[in-house]
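Structure, as structure tokens:
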Amino acid sequence: AGAVIFPPAPGGFPEILLKIPKNIVVRTGKILYNPYVERMHGGKSRACTENEGRTTIMTANDIRNIALLGHGGSGKTSLAEQMLFMTKGTDRLGRTADGNTTCDYDAEEIKRQISISLAFAPVNYKGVKINVMDAPGNFDFSGEALSAIRAAECAVLVGAAKDGLSVGMERSWKMLGKKPRMIFINRTDEDNSDYASCLDALKGKFGQAIAPIVAPVIDGNKKVTAIVDLLHNTAYEVKGGKAAACAIPADMADEVEALRAELMEAAAGADEELMEKFFDTMELSAEDMAKGLKIGVRDGSVCPVLCGSANTGLGVEMLLQTILDLAPVATDMPAEAAQDDDGNDIEVAFDPNGPTAAIVFKTISDQYGKYSMIKVIRGKVTGDMALYNPTTGNTEKLGRLYVMKGKKGEETKEICCGDIGAIGKMDKVKTGDTLCEPKTYVKFAPLAFAPACYERAISPKTKQEIEKLGTGLNKLNEEDPTFHVVNNAETHQTVISGAGDIQIDVLCAKLKTRFGVDAELSAPRVAYREKIRSTVRKQGRYKKQTGGSGQFGDVHIIFEPQTEQEDMIFEENVFGGSVPKNYFPAVEKGLRESCLHGVLAGYPVVFLKATLVDGSYHPVDSSEIAFKLAANLAFKAALPEAKPVLMEPIGELKVTIPDSYLGDVMGDLNKRRGRVMGMNPTGDGETVLEAEVPMAEMMSYAIDLRSMTQSRGTFTFTFVRYEDCPAAAQEKAIAAAKALAEAE
82 AGAVIFPPAP
92 GGFPEILLKI
102 PKNIVVRTGK
112 ILYNPYVERM
122 HGGKSRACTE
132 NEGRTTIMTA
142 NDIRNIALLG
152 HGGSGKTSLA
162 EQMLFMTKGT
172 DRLGRTADGN
182 TTCDYDAEEI
192 KRQISISLAF
202 APVNYKGVKI
212 NVMDAPGNFD
222 FSGEALSAIR
232 AAECAVLVGA
242 AKDGLSVGME
252 RSWKMLGKKP
262 RMIFINRTDE
272 DNSDYASCLD
282 ALKGKFGQAI
292 APIVAPVIDG
302 NKKVTAIVDL
312 LHNTAYEVKG
322 GKAAACAIPA
332 DMADEVEALR
342 AELMEAAAGA
352 DEELMEKFFD
362 TMELSAEDMA
372 KGLKIGVRDG
382 SVCPVLCGSA
392 NTGLGVEMLL
402 QTILDLAPVA
412 TDMPAEAAQD
422 DDGNDIEVAF
432 DPNGPTAAIV
442 FKTISDQYGK
452 YSMIKVIRGK
462 VTGDMALYNP
472 TTGNTEKLGR
482 LYVMKGKKGE
492 ETKEICCGDI
502 GAIGKMDKVK
512 TGDTLCEPKT
522 YVKFAPLAFA
532 PACYERAISP
542 KTKQEIEKLG
552 TGLNKLNEED
562 PTFHVVNNAE
572 THQTVISGAG
582 DIQIDVLCAK
592 LKTRFGVDAE
602 LSAPRVAYRE
612 KIRSTVRKQG
622 RYKKQTGGSG
632 QFGDVHIIFE
642 PQTEQEDMIF
652 EENVFGGSVP
662 KNYFPAVEKG
672 LRESCLHGVL
682 AGYPVVFLKA
692 TLVDGSYHPV
702 DSSEIAFKLA
712 ANLAFKAALP
722 EAKPVLMEPI
732 GELKVTIPDS
742 YLGDVMGDLN
752 KRRGRVMGMN
762 PTGDGETVLE
772 AEVPMAEMMS
782 YAIDLRSMTQ
792 SRGTFTFTFV
802 RYEDCPAAAQ
812 EKAIAAAKAL
822 AEAE
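In the numbering used here, the protein residues as written are 82 to 825.
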């Protein structure tokens with residue numbers, strides 16, 4: 082029913098404990114004991130590790146789920162590595178530069194020295210399991226950060242002291258919405274680091290929520306040599322590679338007291354009872370401060386700020402302790418949005434005793450196998466369960482359960498409410514799916530990934546690899562659902578859409594290393610249309626004599642523009658039976674096939690009306706194929722004289738940018754032949770700019786917008802209609818189409 086807690090008996094454990102199954106750990110204070118291990122050692126009581134043949138019984142109160150977010154290069158992976166090393170989770174401290182960290186294990190991550198996928202590092206600290214999720218900082222992989230946010234109760238925003246307020250930290254703050262957060266200012270031991278300036282920038286951007294809980298001891302080179310824990314009024318420095326207590330410098334006494342008073346005020350402001358106590362005594366104990374800060378973190382009114390160095394370990398243990406003290410547990414969080422079996426909106430609270438319900442927030446699919454990462458919202462998940470998937474309608478028999486640490490999975494028997502774990506070999510389960518008990522239907526809201534905005538045409542170098550390319554992309558899409566693949570029947574291209582060029586480049590590299598496919602990228606072709614602007618009447622006459630019965634068909638057709646529908650409108654207005662009715666369908670079929678390829682550049686012809694008005698036939702030689710070919714000849718003869726014009730696709734652009742970049746973005750849109758339709762201020766220093774822009778001008782906009790706005794701008798772009806193409810753009814498109822036809 083839960084953890085069994087007993088004081089250790091002088092001569093070992095009581096007999097009742099020896100009857101506990103060998104996969105159970107008994108928690109005594111901060112030490113784990115296992116009766117099974119004890120029996121194996123002659124009845125002597127002995128502390129055991131958490132991996133000696135059993136699974137620890139845990140509850141939601143024993144778990145903290147933390148997402149490491151921030152700008153690329155801020156040291157998130159190094160911080161996770163230091164957390165593992167300091168808590169004996171690893172026996173050596175890995176380095177990103179050496180390619181041997183726990184979280185960056187993929188070949189592409191090691192090669193590029195950046196995080197690409199969300200990685201997991203369970204840290205066991207003082208009897209509490211901290212599920213650390215290391216999310217990539219590169220904006221091309223922001224979908225991984227969204228997955229981490231969905232599974233976490235609290236985020237740690239990591240920034241470098243010399244970078245000030247980074248764009249990645251700004252965007253991460255915005256992505257978090259109302260979710261609790263704290264900040265760790267990293268790399269305070271490096272040259273040109275400036276903790277004070279970084280803190281000022283945070284306060285200037287995020288206001289009163291910023292609450293420093295450390296006071297750094299800074300030398301003449303602006304490097305942090307020690308930190309003062311304001312909550313517990315103690316100081317730490319790094320000696321021999323380990324954090325050690327030290328005295329608070331005398332010249333900082335007044336500063337520390339002033340900062341502690343500010344922290345007390347922030348803690349008191351989160352709770353009315355503490356506020357009254359603070360006004361009465363003007364003092365709060367460390368326990369009261371921690372209580373108030375925890376309430377403030379949970380409701381978003383307080384964002385604690387810590388500092389240190391992931392490289393030396395300074396401040397890392399304090400961060401772990403702060404996570405234990407201030408980060409909320411799953412049962413503290415609001416209920417999850419979901420739907421019942423009738424499609425009604427409901428809320429599902431975190432409940433350890435309720436019927437099982439979990440969400441799949443991430444899929445790991447690589448050479449090590451396929452793992453479905455789940456967050457248990459209600460009840461618990463065990464390996465012998467059969468859970469229902471409302472998305473597919475299938476009841477899934479669960480496979481083995483794992484706790485992921487980097488690329489390695491450690492098998493476990495149970496994943497409790499609020500915990501994170503993996504299910505192996507769930508081929509039909511995808512990211513965003515819900516798993517629940519069959520009789521208690523619930524479907525959680527899916528993950529809301531940003532729409533893909535950067536497109537490239539992808540093809541294999543050899544035709545023999547076409548099938549392997551499709552298989553590889555499908556496998557990669559299981560792991561990364563933020564990119565999409567579309568086979569465009571009109572342009573005969575496979576188009577891959579993602580967040581940016583780095584993501585697409587990484588996907589191509591994985592196709593090569595995992596599936597042996599050499600992929601080539603190119604700009605996708607624009608799907609133009611053609612139409613006519615004047616009315617023309619033309620005859621189409623097909624006659625062929627081959628020594629017996631021949632082929633004869635003769636039609637007179639009026640071609641004219643129309644605005645009722647894109648598809649061709651066919652009518653007949655024949656008098657006197659000059660063309661028998663049984664040939665009308667053949668004429669229409671010939672015209673519709675002709676409309677697939679226009680006369681300017683071979684694009685489909687739209688908004689055309691064709692009226693059959695006259696013709697002739699031969700009682701012996703006429704046939705359906707002859708009239709079909711005659712209609713095609715009339716089409717080819719008429720359209721060049723009917724003032725044909727290309728039509729280009731126009732899309733609606735909504736770009737969200739800080740006000741300071743508004744002029745640059747509008748100037749760029751003018752160069753792209755865009756028309757600004759409106760500007761809507763959001764009230765937080767940003768503006769949503771709405772415009773209509775030709776799709777042909779938007780191929781590189783995702784990259785160009787990042788360059789113009791220092792990655793602060795985001796946009797969506799959707800097709801709305803076709804418009805006549807200007808002369809210069811038309812000539813360019815026709816030339817490109819002819820060059821492509823010659824190449825083929």
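For each residue, glycine too, the CB sits at the ideal point set by N, CA and C.
The structure displayed is predicted, hence computed values, not measured ones.
Which residues in the same chain have their Cβ closer than 7 angstroms to the Cβ of residue 818, if we skip the five residues on either side of it in sequence? 682, 683
Expressed to the nearest angstrom, what Euclidean distance is found between the alpha-carbon atoms of residue 703 and residue 633? Residue 703 and residue 633 have their C-alpha atoms some 5 angstroms from each other.
Quick check: the stretch 798-808 against the stretch 662-680, are at least 3 beta-carbon pairs closer than 8 angstroms? no
Got a sec? Which residues, its chain only, sit under 6 angstroms from residue 393 by beta carbon, not counting five neighbours each side? 270, 319
Just mark residue 218 as buried or exposed, buried being the case when its beta carbon has 16 or more other beta carbons within 10 Å. Its Cβ being crowded by 16 or more others within 10 Å, residue 218 is buried.
Taking the straight line between their C-alpha atoms, what separation do you get for residue 730 and residue 606? 12 angstroms
Using CA atoms only, rank isn't needed, just tell me which of 498, 423, 577, 553 is closest to residue 523. 423
On the three-pair Cβ rule with 8 angstroms, is the stretch 142-149 touching the stretch 207-217? yes
In three-state terms, what does DSSP make of residue 828? The structure shown does not extend to residue 828, since the chain spans only 82 to 825, so no value can be given for it.
Enumerate, from N- to C-terminal direction, the unbroken beta strand (DSSP E) stretches of 3 or more residues contained entirely within the stretch 626-703. Listed in chain order, they are 632-642, 650-653, 689-697.
Helix, strand or coil for residue 623? Go by DSSP, reduced to three states. Looking at residue 623 - three-state DSSP - the assignment turns out to be strand.
Under three-state DSSP, which class holds residue 817? helix
What are the start and end residues of the beta strand (DSSP E) that includes residue 782? Per DSSP, residue 782 belongs to no beta strand (DSSP E); it is in the alpha helix (DSSP H), 782-790.
Leaving out five residues before and five after residue 675 in sequence, what residues of the same chain have Cβ atoms less than 6 angstroms from its Cβ? 713, 716
To the nearest angstrom, report how far apart residue 553 and residue 153 are at their CA atoms. 27 angstroms
Roughly how many angstroms lie between the CA atoms of residue 190 and residue 196, to the nearest whole one? 6 angstroms
Let me check one thing: in DSSP terms, what residues is residue 431 bridge-paired to? None; residue 431 has no bridge partner.
Going along the chain, which residues of its own chain have a beta-carbon closer than 8 angstroms to the beta-carbon of residue 476, five neighbours each way excluded? 467, 468, 469, 470, 519
Mind pulling the beta strand (DSSP E) runs of 3 or more residues that sit fully within the stretch 725-752? 726-739
Compare the C-alpha of residue 306 against each of 289, 276, 294 and name the closest. 276
Assign residue 407 to buried or exposed, taking buried as 16 or more other Cβ atoms, counted over all protein chains shown, within 10 Å of its Cβ. buried
Considering residue 589, what are the terminal residues of the alpha helix (DSSP H) in which it resides? 582-596
Sheet register partners of residue 201 (DSSP bridge): 214
Less than 8 angstroms between the C-beta atoms of residue 292 and residue 383, yes or no? Result yes, Cβ atoms of residue 292 and residue 383 sit closer than 8 angstroms.
Considering only C-alpha positions, which residue in the set 588, 780, 722, 616 is nearest to residue 221? 588
Which of helix, strand or coil does DSSP assign to residue 133? For residue 133, the predicted structure reports a pLDDT of 40, less than 50, and the residue's modelled location is therefore unreliable. The matter cannot be settled from this model.
Can you give me the Cβ contacts of residue 329 inside the same chain, cut-off strictly under 7 angstroms, excluding the 5 residues immediately before and after it? 309, 316, 337
Under the three-state reduction of DSSP, which class applies to residue 578: helix, strand or coil? strand
If contacts are defined as beta-carbon pairs under 8 angstroms, then residue 186 and residue 488 qualify, I think. What distance do you get, rounded to the angstrom? 4 angstroms
Sequence-distant residues of the same chain with beta carbon closer than 8 angstroms to residue 760, five excluded per side: 743, 768, 769, 770, 771
Do you know offhand how far residue 230's Cα is from residue 510's? 20 angstroms
Check whether the stretch 448-464 touches the stretch 544-552, taking contact to mean three or more Cβ pairs, one atom from each stretch, closer than 8 angstroms. no
Could you tell me the distance, in whole angstroms, from the CA atom of residue 806 to the CA atom of residue 428? 50 angstroms
One question on the structure: do residue 582 and residue 139 come within less than 8 angstroms of each other, judged by their Cβ atoms? no
Candidates 724, 725, 755: closest to residue 734 by CA position: Of 724, 725, 755, the residue nearest in Cα terms is 755.
Check residue 406 in the structure and name its three-state DSSP category. helix
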